[in-house]
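Asks: Numbering (the numbering used here), first residue to last: 2 to 524. Even for Gly, the Cβ is constructed at its ideal location relative to N, Cα and C. Have a look at this one before I ask anything.
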Amino acid sequence: MTFARTILTALLAVIPIYPAAAQDLRMGVQSAFVIDPHILFLGPNMAAARHLYDSFVGKDADAHWVPTLAESWQQLDAFTWEFKLRHGVQFSDGSPFTAEDVVASMKRIPAIPNNPGPYTSNLRTIVSTVAVDPYTVRVTTDRANPLLPGQFTNVFIVSKNVVNAAPEDFSSGRAAIGTGPFRVVSFRYGESMALEPNPHYWGGKVAWQHVTVRVIGNDAAREAALLAGDLDLIENVPPEDVARLKDTKGIAVFGRPADRVAFLLPNVARDTLPLLTDRQGEKLDSNPLRDLRVRQAMSLGLDRRALVDRALSGQGAATLQLVPEGFGGWDPAVAVPAVDAAAAKRKLAEAGYPDGFGMTLACPNDRWVDDARVCQAIAQMLSRAGFAMKLETMPGSVFFPRSRYGRNEYPVILYELSLSSLRDGQYILQVVAQSVDEKRGIGDGNRGGFSDPELDRLIEAAVVRNDPGRDAAIRGALAAAVERLGIIPMYVEPTIAATRGGIVYHPRLDQQMVATEAVPAIP
Numbered sequence: 002m003t004f005a006r007t008i009l010t011a012l013l014a015v016i017p018i019y020p021a022a023a024q025d026l027r028m029g030v031q032s033a034f035v036i037d038p039h040i041l042f043l044g045p046n047m048a049a050a051r052h053l054y055d056s057f058v059g060k061d062a063d064a065h066w067v068p069t070l071a072e073s074w075q076q077l078d079a080f081t082w083e084f085k086l087r088h089g090v091q092f093s094d095g096s097p098f099t100a101e102d103v104v105a106s107m108k109r110i111p112a113i114p115n116n117p118g119p120y121t122s123n124l125r126t127i128v129s130t131v132a133v134d135p136y137t138v139r140v141t142t143d144r145a146n147p148l149l150p151g152q153f154t155n156v157f158i159v160s161k162n163v164v165n166a167a168p169e170d171f172s173s174g175r176a177a178i179g180t181g182p183f184r185v186v187s188f189r190y191g192e193s194m195a196l197e198p199n200p201h202y203w204g205g206k207v208a209w210q211h212v213t214v215r216v217i218g219n220d221a222a223r224e225a226a227l228l229a230g231d232l233d234l235i236e237n238v239p240p241e242d243v244a245r246l247k248d249t250k251g252i253a254v255f256g257r258p259a260d261r262v263a264f265l266l267p268n269v270a271r272d273t274l275p276l277l278t279d280r281q282g283e284k285l286d287s288n289p290l291r292d293l294r295v296r297q298a299m300s301l302g303l304d305r306r307a308l309v310d311r312a313l314s315g316q317g318a319a320t321l322q323l324v325p326e327g328f329g330g331w332d333p334a335v336a337v338p339a340v341d342a343a344a345a346k347r348k349l350a351e352a353g354y355p356d357g358f359g360m361t362l363a364c365p366n367d368r369w370v371d372d373a374r375v376c377q378a379i380a381q382m383l384s385r386a387g388f389a390m391k392l393e394t395m396p397g398s399v400f401f402p403r404s405r406y407g408r409n410e411y412p413v414i415l416y417e418l419s420l421s422s423l424r425d426g427q428y429i430l431q432v433v434a435q436s437v438d439e440k441r442g443i444g445d446g447n448r449g450g451f452s453d454p455e456l457d458r459l460i461e462a463a464v465v466r467n468d469p470g471r472d473a474a475i476r477g478a479l480a481a482a483v484e485r486l487g488i489i490p491m492y493v494e495p496t497i498a499a500t501r502g503g504i505v506y507h508p509r510l511d512q513q514m515v516a517t518e519a520v521p522a523i524p
């Protein structure tokens, strides 16, 4: 695989220099977000959280672990980690940060009732978190977990004084008390968030005196606001608009391959599904997606290169792997397969469906790059491969709760995960490929309910390794997951942002738009 045709080189722009303006930053984001940092584990919510809170272990734009609240860490033995905390840190209300806040935050995450997307997968393997002294936290796990610090890059720390606050108290700003670079001035869900610098921020002075984040779900409207001068920075620029924006005076475009692979999740959890039908529209008595041959037909019917070249205008990279190039477990020997609709139809016939069958593909329309457009292309490809496809797109605020494991009634969904917290295949293996185990925080993203005991054993054996053979073991587990096609990988997504007024933006590998990655124009 190579990114030569992707935005890594194609989007670098010459940045014009403009006179400095007031240090205000107006950002346009695609998706609605919440500011309770432990509710609904999704990228837009984490992006918002990074303005107000610090994660226990930091993660820079290139997904390298960096000291933040945890200034250093060491593994005492196979099951015990010790984290030394930064001294002199204060919350935005002026109260001191100590180990008790870390312990309280980690206890709060699994205790929130009716959480539509818990952060508990970031606590997997942990059996205890103890404050040894005000500046030392000791974490014990139930098995070896050599990448544990990476999990903490998604664990945001709140004051122990607000751990019992309700989500609405965070939305009002009363409980949104963090150690991050900004504090909340106002927040209106689905509309906007206004921020000002946190006067107690340990990291020094921030560049922006006022930051406004507006939610504009429509790509064209978000671009129009940038071009009209109503916004300074926007995320998720559609790939098909990159060339035009690059040619627009005063506009700069920044991009890179992201850390996420887009894949399909067939729903194999249920015996029957209302949206699985025969050609006449009658509900099927059984679930054909449980047959490997049917899932192989789906994979054969996908033209991965065409998805990138047409639906994503050449930005991104086709793949049959579950991690991007450069991540632990990536295999340079794995080629992108060619589409073969005739072979797909033969597989369907072997499985007992010579005429195919009907199924619905469900996707968000405001979460990932060109998600609705991609899904339209996928539905057309699978139709040519013998499936009678229907497509249902919806806002992410509807899609994610509806498609959770245990609630999901869609035969197939489009899904993606940010993998940069670990930069390793362990994350997608434990969160998506492994059988669901809610008590252990395993399989939280396994929305299709796939379960294979032998695959589970391969994963369990690979993720605990901390020796030269680890990468080969992770690679083998990833290959086994793809062979079973409980997850059907398609492409690596790009991340593309645009600015005006000479602002330089450093896109994060995890696609989270954060004001601190924006550099003001040089005077």
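So the candidates are Ser398, Tyr416, Ala434, Arg424; which of them puts its Cα closest to the Cα of Ala491?
Replies: The amino acid at residue 491 is misidentified as Ala; the sequence shows Met. Closest option to Met491, Cα to Cα, is Tyr416.
Asks: Smallest Cα separation from Pro147: which of Val465, Thr500, Glu494, Ile504?
Replies: Val465
Asks: Could you check what DSSP says for Tyr428 in three-state terms: helix, strand or coil?
Replies: The three-state secondary structure of Tyr428, taken from DSSP, is helix.
Asks: Inspect the CB distances between the region 32-39 and the region 132-143 and report whether three or more fall short of 8 angstroms.
Replies: Under the 8 angstroms Cβ criterion, the region 32-39 does not count as touching the region 132-143, having fewer than three qualifying pairs.
Asks: Please classify Asp457 as buried or exposed, where buried requires at least 16 other C-beta atoms within 10 Å of its C-beta.
Replies: buried
Asks: Residues in the same chain with beta-carbon distance under 6 angstroms from Ile217, minus the five sequence neighbours each way, listed in chain order, please.
Replies: Gly29, Arg223
Asks: To the nearest angstrom, how far is it from the Cα of Ala23 to the Cα of Asp248?
Replies: Confidence is the limiting factor: at Ala23 the pLDDT is only 45, short of 50, which leaves the residue's position unreliable, though a coordinate-based value still follows. One C-alpha to the other measures close to 26 angstroms.
Asks: If you reduce the DSSP assignment to three classes, tell me which class Met514 lands in.
Replies: Coil at Met514, not helix or strand.
Asks: Please look up how many angstroms separate the CB atoms of Gly317 and Val309, rounded, as I've assumed it's under 8 angstroms.
Replies: The distance from the Cβ of Gly317 to that of Val309 is about 5 angstroms, consistent with a contact at the 8 angstroms cut-off.
Asks: If you pair each beta-carbon of the region 494-506 with each one of the region 179-186, do three or more pairs fall below 8 angstroms?
Replies: no
Asks: Mind reading off the beta-carbon distance from Tyr39 to Ile110? Whole number of angstroms is fine, and I expect it under 8 angstroms.
Replies: The amino acid occupying residue 39 in the given sequence is His; Tyr does not appear at that position. About 5 angstroms; that satisfies the 8 angstroms criterion.
Asks: Of the residues Asn467, Ala474, Pro521, Val437, which one's Cα is nearest the Cα of Thr121?
Replies: Val437
Asks: Please state whether DSSP places Lys284 in a helix, a strand or coil.
Replies: strand
Asks: Residues in its own chain within less than 6 angstroms of Arg405 by CB, not counting five upstream and five downstream?
Replies: Cβ neighbours of Arg405 beyond the five flanking positions: none.
Asks: What are the uninterrupted segments assigned as beta strand (DSSP E) that are 3 or more residues long and contained completely in the region 151-219, given in chain order?
Replies: Taking only runs of at least 3 residues, the beta strand (DSSP E) segments lying wholly in the region 151-219 are 183-189, 193-198, 211-216.
Asks: How about Asp134: is its C-beta nearer than 8 angstroms to some C-beta of chain D?
Replies: Considering every chain present, this structure includes no chain D. It has just one protein chain.
Asks: Could you tell me if Leu77 is buried or exposed, where buried requires 16 or more neighbouring beta carbons within 10 angstroms of its beta carbon?
Replies: Classification of Leu77: exposed, given that the 10 Å Cβ count is below 16.
Asks: Around the C-beta of Ile273, are 16 or more other C-beta atoms found within 10 angstroms, so that it is buried, or is it exposed?
Replies: The residue you asked about is not Ile; residue 273 is Thr in the sequence shown. By the 10 Å Cβ count, Thr273 comes out exposed.
Asks: Kindly indicate which residue of Gly477, Leu290, Ala386 has the alpha-carbon position closest to the one of Leu486.
Replies: Leu290
Asks: Classify Ser384 as helix, strand or coil using the three-state DSSP reduction.
Replies: helix
Asks: Using beta-carbon positions only, say whether Asp371 and Pro521 come within less than 8 angstroms of one another.
Replies: Not a contact, by the Cβ cut-off of 8 angstroms.
Asks: By the three-class DSSP mapping on this structure, what secondary structure does Asp55 have?
Replies: coil
Asks: From the DSSP output, in three-state form, read off Ile504 for me.
Replies: coil
Asks: Cα separation between Gln91 and Pro114?
Replies: 29 angstroms
Asks: Using a Cβ distance threshold of 8 angstroms, determine whether the region 509-519 contacts the region 52-68, with at least three qualifying pairs required.
Replies: yes
Asks: Name, in chain order, the residues that DSSP records as bridge partners for Val493.
Replies: For Val493, the pairing in a beta bridge is given by DSSP as Val262, Ala318.
Asks: What are the partner residues of Arg257, as DSSP defines its beta bridges?
Replies: Beta-bridge pairing by DSSP links Arg257 to Thr496.
Asks: Applying the criterion that 16 or more other CB atoms from any shown protein chain within 10 Å of the CB defines a buried residue, is Pro68 buried or exposed?
Replies: By the Cβ-count criterion, Pro68 is exposed, with fewer than 16 other Cβ atoms from all chains shown falling within 10 Å of its own Cβ.
Asks: Using 8 angstroms for Cβ pairs, my map puts Val186 next to Glu197. What's the rounded Cβ distance?
Replies: 5 angstroms
Asks: Span of the alpha helix (DSSP H) holding Ala474?
Replies: Run containing Ala474: 471-485, per the alpha helix (DSSP H) assignment.
Asks: The alpha helix (DSSP H) with Leu301 in it runs from where to where?
Replies: 293-301
Asks: Sorted by chain position, which residues of the same chain lie with C-beta nearer than 7 angstroms to Pro150's C-beta, five sequence neighbours on each side aside?
Replies: Excluding sequence neighbours, Pro150 sits near Val58, Trp66, Trp74.
Asks: If you draw a straight line from the alpha carbon of Ala100 to that of Glu169, how long is it in whole angstroms?
Replies: 26 angstroms
Asks: So does the region 447-461 actually touch the region 152-169, counting three or more Cβ pairs closer than 8 angstroms?
Replies: Judged by Cβ distances under 8 angstroms, the region 447-461 makes no contact with the region 152-169, as fewer than three pairs qualify.
Asks: Do the region 446-456 and the region 257-273 make contact, defined as three or more Cβ pairs closer than 8 angstroms?
Replies: Contact between the region 446-456 and the region 257-273 is established, with three or more Cβ pairs separated by less than 8 angstroms.
Asks: What three-state label does DSSP hand Pro267 in the structure shown?
Replies: strand
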